[in-house]
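In my numbering, the protein residues as written are 17 to 485.
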Ligand code: GDP
């Protein structure tokens with residue numbers, strides 16, 4: 017991005033401040049308040065009293081105290097870090113005040129900071145937005161940082177890091193460069209056709225279609241990446257005592273998702289979150305699914321049915337030692353047709369042989385997709401593999417680059433424009449027609465990296481970030 021054209025916004029003249037770490041009562045040994053803008057250092061100097069002969073140099077740590085307005089009471093003991101422009105996250109003068117965690121001291125320090133002249137509270141995503149406007153990060157890197165913070169599994173975090181390292185930007189830029197090369201060939205012909213050798217139309221078209229195919233691959237990969245980012249909703253159903261809780265306990269002893277333990281994340285207690293091979297999986301409660309006339313129980317059942325309807329996958333567990341019975345078949349029938357399902361025969365350690373023979377003569381025989389013992393762990397790996405495969409998540413393992421939804425939409429737009437360009441060529445339309453589509457594709461790719469993006473679009477993107485980012 018050209019900083020000269022983008023940093024016209026007057027907001028960069030203002031100094032902004034916010035708590036950059038998670039805020040929760042009783043939590044966090046330290047918290048960081050971040051300031052960015054022209055008076056950041058001046059604010060640091062007036063809010064933090066630093067004893068002795070410490071140097072206010074860039075990239076040095078100072079020690080001191082934040083005092084209240086009267087200058088008599090110590091609010092907190094802090095470390096302060098000055099990072100002078102342009103060697104900072106935002107590219108502006110940045111000061112970080114590292115105070116103690118929790119709620120009260122942090123808020124009081126922030127209030128002290130905000131009471132200084134020419135400082136205001138940062139808007140959501142405003143630090144990242146300034147970093148992009150000042151050319152410190154490209155748009156895909158800023159978005160990837162947000163994804164990294166939001167990651168719910170190691171795999172999702174790894175994928176986000178590719179973006180932070182500029183992997184998305186490099187990939188998109190190289191495709192955009194290839195299109196720009198072709199555009200300049202075409203435009204030269206539009207203006208000076210007679211002075212130039214004849215256009216290699218076939219070569220040009222081939223190149224455009226190669227780029228298009230790469231874009232389509234990126235769009236496909238993005239769908240798989242979304243599974244890693246957003247995770248899967250899996251409903252676990254089965255009669256009482258078939259071993260659902262035992263299975264859940266066994267699965268959750270693997271890579272634990274940390275989110276569930278965080279304070280302040282209000283979630284339905286009946287859901288539990290696990291991570292299988294890097295894919296975050298929310299197991300939905302469906303305990304209430306069975307026939308009942310009780311009105312209260314009906315409520316639970318409605319919720320369970322909802323769980324079935326929104327699930328990416330339903331895992332139906334039955335008890336091999338009891339065989340496949342009418343109640344199991346009734347549960348199977350309740351699963352909406354369009355939802356993928358896995359039938360799991362549990363307690364294989366007790367009765368491994370009755371896998372397909374129904375006790376009830378009226379019932380169709382069923383062959384479980386997986387046989388398992390939640391007790392011994394036999395069949396566990398096969399189950400995990402089957403779950404990931406049924407959701408299409410197994411192919412997400414080898415992914416290196418995954419676009420987010422916004423980037424994916426733009427890549428798809430670019431691919432469509434290139435397909436249109438091909439039609440124009442095949443109909444022998446004049447070159448001007450080809451260039452329209454080519455320019456459109458180039459613009460869409462530029463919008464992914466932020467190379468061609470309006471301030472309004474940027475504001476919309478960053479407004480979805482949290483305050484302090
Ligand atoms: P839920 O009601 O479906 O959640 O079933 P539970 O997980 O509570 O299991 C019911 C009973 O079956 C418990 O006594 C478990 O120890 C036992 N159980 C669960 N899975 C197995 C298994 O694979 N083999 C054996 N032998 N017992 C199991």
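Backbone N, C-alpha and C fix where the C-beta goes; we use that ideal spot for every residue, glycine too.
Residue span of the beta strand (DSSP E) that contains residue i, given as start and end
{"i": "residue 362", "result": "357-362"}
{"i": "residue 334", "result": "329-335"}
{"i": "residue 252", "result": "248-253"}
{"i": "residue 288", "result": "288-292"}
{"i": "residue 46", "result": "46-52"}
{"i": "residue 35", "result": "31-35"}
{"i": "residue 469", "result": "Run containing residue 469: none; DSSP gives neither H nor E here."}
{"i": "residue 135", "result": "135-137"}
Which of helix, strand or coil DSSP assigns to residue i
{"i": "residue 394", "result": "coil"}
{"i": "residue 118", "result": "coil"}
{"i": "residue 173", "result": "helix"}
{"i": "residue 380", "result": "coil"}
{"i": "residue 389", "result": "coil"}
{"i": "residue 86", "result": "coil"}
{"i": "residue 410", "result": "helix"}
{"i": "residue 205", "result": "helix"}
{"i": "residue 112", "result": "strand"}
{"i": "residue 76", "result": "strand"}
Span separating the alpha-carbon of residue i from that of residue j
{"i": "residue 131", "j": "residue 475", "result": "26 Å"}
{"i": "residue 453", "j": "residue 229", "result": "16 Å"}
{"i": "residue 198", "j": "residue 465", "result": "20 Å"}
{"i": "residue 115", "j": "residue 109", "result": "19 Å"}
{"i": "residue 260", "j": "residue 268", "result": "12 Å"}
{"i": "residue 46", "j": "residue 92", "result": "11 Å"}
{"i": "residue 414", "j": "residue 65", "result": "52 Å"}
{"i": "residue 422", "j": "residue 187", "result": "16 Å"}
{"i": "residue 121", "j": "residue 167", "result": "29 Å"}
{"i": "residue 61", "j": "residue 113", "result": "11 Å"}
{"i": "residue 480", "j": "residue 145", "result": "11 Å"}
{"i": "residue 98", "j": "residue 134", "result": "18 Å"}
{"i": "residue 137", "j": "residue 82", "result": "18 Å"}
{"i": "residue 399", "j": "residue 58", "result": "60 Å"}
{"i": "residue 393", "j": "residue 403", "result": "16 Å"}
{"i": "residue 215", "j": "residue 226", "result": "18 Å"}
Status (buried if at least 16 other CB within 10 Å, exposed otherwise) for residue i
{"i": "residue 212", "result": "exposed"}
{"i": "residue 104", "result": "buried"}
{"i": "residue 424", "result": "buried"}
{"i": "residue 181", "result": "exposed"}
{"i": "residue 88", "result": "exposed"}
{"i": "residue 442", "result": "exposed"}
{"i": "residue 257", "result": "exposed"}
{"i": "residue 444", "result": "exposed"}
{"i": "residue 77", "result": "exposed"}
Neighbour flag for residue i against chain D, beta carbons, 8 Å
{"i": "residue 408", "result": "You won't find chain D in this structure, because it holds only one protein chain."}
Strand pairing of residue i, partner residues [DSSP]
{"i": "residue 93", "result": "81"}
{"i": "residue 178", "result": "In DSSP, residue 178 forms no bridge with anything."}
{"i": "residue 299", "result": "250 and 288"}
{"i": "residue 65", "result": "81"}
Range of the contiguous alpha helix (DSSP H) that encloses residue i
{"i": "residue 432", "result": "421-442"}
{"i": "residue 459", "result": "447-465"}
{"i": "residue 156", "result": "155-166"}
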